[in-house]
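Protein chains in written order, with the numbering used here: chain W, 484 to 700; chain Z, 269 to 809.
The C-beta atom is built at its ideal place from N, Cα and C for all residues, glycine as well.
Taking it in order: structure first as structure tokens, then the write-up.
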Amino acid sequence: MPEAAASPIHSPMKHQFETLAQQHHADTLGMWVFLGTEVLFFGGLITAYVLYRTAYSAAFAHASLTLDIVSGTIMTVVLLGSSLTMAMAVHAAHLGNRRALAVFLILTIVLGLGFLGIKGHEYYQKWEDHHIPGPSFVWDGPDARAAQLFLYFYFALTGLHALHMIIGAGIMGVLLLQNALGRVRTYTVEVSGLYWHFVDIVWIFLFPLLYLVDRHK
Amino acid sequence: MAASTEPLVGRTPNYLNAEHTVKSWLLTTDHKRIALLYLVSITLMFVLGGIFAMLIRIELITPQGDLLSSDSYNRAFSMHGIIMIFFFLVPSIPATLGNFLVPMMVGARDLAFPRINLLSWYLYIAAATVMLYVMVTGGVDTGWTFYAPFSSLFSNGRVTLTVVAVFIAGFSSILTGLNFIVTIHTMRAPGMTWGRLPLFLWSHYATAVIMVLATPVLAVTMMMLGLEHVFHIGIFDPALGGDPILFQHLFWFYSHPAVYIMILPGMGVVSELIACFSRKRVFGYGFVAFASLAIAILSFLVWGHHMFVSGQSVYAGMVFSILSFLVAVPSAIKVFNWTATMYKGSISYDTPMLYALGFIGLFTMGGLTGMMLATLGIDVHVHDTYFVIAHFHYIMVGGAVMAYMGGLHYWWPKISGRMYPEVWGRTSATIIFLGFNLTFFPQFIAGYLGMPRRYHAYSPEFQVYNVLSSAGASILAVGYLMPLIYFFWSIRHGLRAPANPWGATGLEWKTASPPPTENFEQPPIVLEEAYHYSDEEAPIA
């Protein structure tokens, strides 16, 4: 395309926009619309989960007791911490403080990877206990079928969430690289922050749905 | 893509002759070129889906299942449905005409996210490739609805790969919708207020909202189905503790709104055509615009009318029935307003207008029979009969495809820079209209008399309707082949199109045909309302 060839590669404004403000507006709105899609994407799965949670409430409650509440709580704290560092990163970007931005991005990545590490450990525990749905599934309690369904939803929901976390950590890595090269833009950090916070919010729903409901019984 | 390799000697630089390499097409971020990439791809898929339709129609000429075995017949209608819906109708108008026109109509140089637009085409191609692989390795026999537990546990077709293809195609559609929403919100030229947007844009906006909010539910449902098929976990299989009705709920939560993904863009096209060829402002502009949004919102609340006989509670059935009737209100507003637009208009019967008129009649037929199907009592009687087939083909083919053809003829001069042959255009529009009615009207009767869908053999008393229908289908095929031929012909031999061959309003007509890569020489400023036809000169043909 001639205009692509004509414009400098690192021009802050893409050719289709008239002003930077317009580009900023479009990028932000684009992310919000994408998050709307994501809400419905997780929503379909959560709907199915809630339905079966109601249909097989005793078996699901029993199965959810096998989840490690301590590691779940630690993960929640770690993830909320990453939301804080993300917000600080956006703040640092607004102040134009590249050093602070780098620090907060690294902290966000570390906390995100920490979350994934604990999650991986949880998965490993499930593997050890033969709680992975499928042919090797072993269940001691009653109603193994419903328990397997619970664990299927556990893996589907947390797996999708973890996938989003991995993508988020990748985005943070790109931002860090751009920052090191002095090319990062404030609103890119902002828009990436929207995504990061969204993924955190998904967990805020998953944690009670999977770990906490019926725990008191 | 034939247009790409054809240098237009002595012409001002435009998006077609800007660059000629294959790479310049495959890596383009120009929305107009991506629209053409889509046009070629969906045309191929349309031909493929049409071949399966012909197989079905040939099989049904005789009551005995003699041409195809019942298993291959199941595969034929499944492939027909899956290809036509996910690979033709859903992308049809938005990905071709919408891609080409949305930025031009708002007065922008491109969509907000050109690279995401290209990614959307590549996702489509990836999905289509998987689907073609499914086709040559045995196909799938579940119907386009993939009802569980048949699809998840019993089907011997290639369910997993088909589900993967539909999943990928869904994301292609989401990205298109996302791009349209953001473009219409943020890229409007100075003076292009919401109240001045062409109705094509309002309908595409409503379509995009559905694409973005409904498609992810299909994606996640397909994911669950695929996992159930692979790992045999009872999400939807009652034998394993799952709920097959849940699959239907989730599937139709997407697939009913998807019907409006297919028809709303067509309504947008028809609004443009009726206004242009009646030389009048669309009657009740605001009502037509908001009717699109109303249809988009209501579309999310009616999915249960596909499940009246699935064991859904009768009260849910009643609520869904009433909500389904409500969709008729905005749809009727549109039909009445198009009719009122033509009243005392200066009407000319060019090919696009013939398609638009055909659309109004056939859509009304499809809509009214839809009302019959929304009625609980009648639906129980005609559920899963050819009455339903006829109804939705009147909407999908009589509505969406007619509008698509009309729009393609109307904007062809803009897209290709050439005029199509008008006489052939009118002839093919007439043949398609007649062939369509001959194909699908008899199915209403056969269905009402009780002929069930999805069987390769049927009771001999229905043969006369099926022979009529198959005869009509062959006429319809001729009607569709003609534009394919003369559009190709016109790329080399058609008359050069002026910038505004129809004397139409709208920003896309204020730039050269075909447009330059950046769409407009100067960024346009809008000073008047849409369809400002009253003081326009008559068209210079």
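query: Cβ pair residue 363 of chain Z, residue 306 of chain Z closer than 8 angstroms; result: yes
query: N- and C-terminal bounds of the alpha helix (DSSP H) containing residue 650 of chain W; result: 627-663
query: Paired residues, beta bridge with residue 653 of chain Z - DSSP; result: Z:720
query: Proximity below 8 angstroms, CB of residue 772 of chain Z to CB of residue 685 of chain Z; result: no
query: The segment 445-454 of chain Z touching the segment 373-380 of chain Z, judged by at least three CB pairs closer than 8 angstroms; result: yes
query: Proximity to residue 437 of chain Z [Cα-Cα], best of Z:360, Z:463, Z:366; result: Z:360
query: Contact between the segment 771-786 of chain Z and the segment 755-763 of chain Z (3+ Cβ pairs under 8 angstroms); result: no
query: Alpha-carbon to alpha-carbon, residue 634 of chain W and residue 528 of chain W; result: 13 angstroms
query: Within-8 angstroms CB hit, residue 498 of chain W to chain Z; result: yes
query: Buried versus exposed call for residue 650 of chain W [16 or more other C-beta atoms within 10 Å across all chains shown]; result: exposed
query: Beta-bridge partners of residue 764 of chain Z, as assigned by DSSP; result: Z:686
query: Span separating the alpha-carbon of residue 638 of chain Z from that of residue 623 of chain Z; result: 21 angstroms
query: Residue 569 of chain Z versus residue 557 of chain Z - alpha carbon distance; result: 20 angstroms
query: Separation of residue 641 of chain Z from residue 647 of chain Z, as counted between CA atoms; result: 5 angstroms
query: Whether residue 675 of chain Z touches residue 631 of chain Z by CB criterion (8 angstroms); result: no
query: Alpha-carbon to alpha-carbon, residue 532 of chain Z and residue 596 of chain W; result: 44 angstroms
query: Within chain W, the residues that residue 502 of chain Z reaches when beta carbons sit closer than 7 angstroms; result: 628, 632
query: Residues within the segment 598-621 of chain W neighbouring chain Z, beta-carbon criterion of under 7 angstroms; result: 616, 617
query: Boundaries (first-last residue) of the alpha helix (DSSP H) holding residue 634 of chain Z; result: 619-642
query: C-beta contact flag for residue 537 of chain Z and residue 365 of chain Z at 8 angstroms; result: yes
query: Same chain, Cβ closer than 6 angstroms to residue 488 of chain W, neighbours up to 5 away in sequence not counted; result: Model confidence at residue 488 of chain W stands at a pLDDT of 40, short of 50, so the residue's coordinates are unreliable and nothing is read from them.
query: From Z:310, Z:342, Z:455, Z:339, residue whose alpha carbon lies closest to that of residue 370 of chain Z; result: Z:455
query: Nearest residue (CA-CA) to residue 651 of chain Z, options Z:514, Z:719, Z:611, Z:606; result: Z:719
query: Whole-angstrom distance between residue 555 of chain Z and residue 411 of chain Z, CA atom to CA atom; result: 37 angstroms
query: Own chain partners of residue 706 of chain Z with C-beta closer than 7 angstroms, once the 5 adjacent residues on each side are dropped; result: 736, 739, 740, 743
query: Chain Z contact residues for residue 674 of chain W, given Cβ-Cβ distances below 9 angstroms; result: What residue 674 of chain W touches in chain Z: nothing, since even the nearest Cβ is about 12 angstroms away.
query: Cβ-based neighbour list, residue 575 of chain W, same chain, cut-off 6 angstroms, excluding 5 preceding and 5 following; result: 583, 584, 587
query: Integer Cβ distance of residue 685 of chain W from residue 517 of chain W, believed to fall under 8 angstroms; result: About 14 angstroms separates the two Cβ atoms, so there is no contact after all.
query: Distance between beta carbons of residue 610 of chain Z and residue 541 of chain Z, contact taken as under 8 angstroms; result: Wrong, their Cβ atoms sit about 11 angstroms apart, outside the cutoff.
query: Touching by the beta-carbon criterion (3+ pairs, under 8 angstroms), the segment 424-442 of chain Z and the segment 470-483 of chain Z; result: yes
query: Residue 645 of chain Z classed as buried or exposed, judged by whether at least 16 other C-beta atoms fall within 10 angstroms; result: exposed
query: Local conformation of residue 577 of chain W per DSSP, three classes; result: helix
query: Start and end residues, alpha helix (DSSP H) containing residue 544 of chain W; result: 540-547
query: Option nearest residue 793 of chain Z by Cα separation, candidates Z:633, Z:496, Z:478, Z:374; result: Z:374
query: Test item: CB-CB of residue 688 of chain Z and residue 781 of chain Z under 8 angstroms; result: no
query: Rounded C-alpha distance that separates residue 550 of chain Z from residue 534 of chain W; result: 47 angstroms
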